[in-house]
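Only one structure is covered here, and it is reproduced in the block below.
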Amino acid sequence: MKQPVKFLLGIAGAMLIGGCAHTAYLGFHGKSVNAFPDIHAGVTRDVQCLECHHPDHAQGPPTPHPDFTGCLNCHND
Ligand code: HEC
Ligand code: HEC
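As numbered in mature numbering (1 follows the signal peptide of the UniProt record, and there is no 0), residues -23 to -1, 1 to 54 make up the sequence shown, in order.
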């Protein structure tokens, strides 16, 4: 096989593997808080979100990424 082809396959493979774990976080948005407007009314700060979604003490579905910041950037549409 020619080198350039191998090179391209390598890149494609790396993207595929990385993609499985992280597509979610590369501009793909999560579910929206607007699905439950009553629960989320007036909630704007990350610490508030984590009070209910931190995996250690979740009241709603636990977040798979408690270290993220700017929750509403991804969960508001
Ligand atoms: C008062 C507790 C509380 C707070 C604060 C809260 N949530 Fe929730 N959230 C819930 C509960 C409970 C559910 C599940 C509702 C259900 O399934 O009936 C939920 C559901 C969700 C869902 C899943 C929606 C879906 O369509 O399945 C997301 C995403 C979410 N919350 C994100 C957030 C974000 C981001 C914040 C901060 C802006 C936040 N939540 C603040 C309690 C809370
Ligand atoms: C970069 C975008 C991004 C940010 C920032 C982000 N999330 Fe998410 N979130 C996602 C995506 C995408 C998913 C779906 C991931 C999956 O299912 O693996 C998700 C899943 C969730 C879920 C699970 C919803 C369910 O119904 O299972 C919760 C809860 C959640 N996020 C809460 C939060 C909280 C709280 C914060 C802030 C501390 C936050 N997210 C920050 C993108 C983001």
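Just so you know, even glycine gets a beta-carbon here, dropped at the ideal spot from N, CA and C.
No experiment lies behind these values; they were computed from the predicted model shown.
His17 sits in a helix when the DSSP states are folded into three classes.
Per the coordinates, the alpha-carbon of Cys29 lies some 22 Å from the alpha-carbon of Phe5.
A residue is called buried when at least 16 other Cβ atoms come within 10 angstroms of its Cβ; His17 meets this threshold and is buried. If you check the CB distance, Val10 and His42 do not come in under 8 Å. The C-beta distance from Asp23 to Cys48 rounds to 5 Å, short enough to fall under 8 Å. Shown here for Pro39: same chain residues with a beta carbon closer than 8 Å to its own, the five before and five after excluded, namely His30, His31 and Pro32 in chain order.
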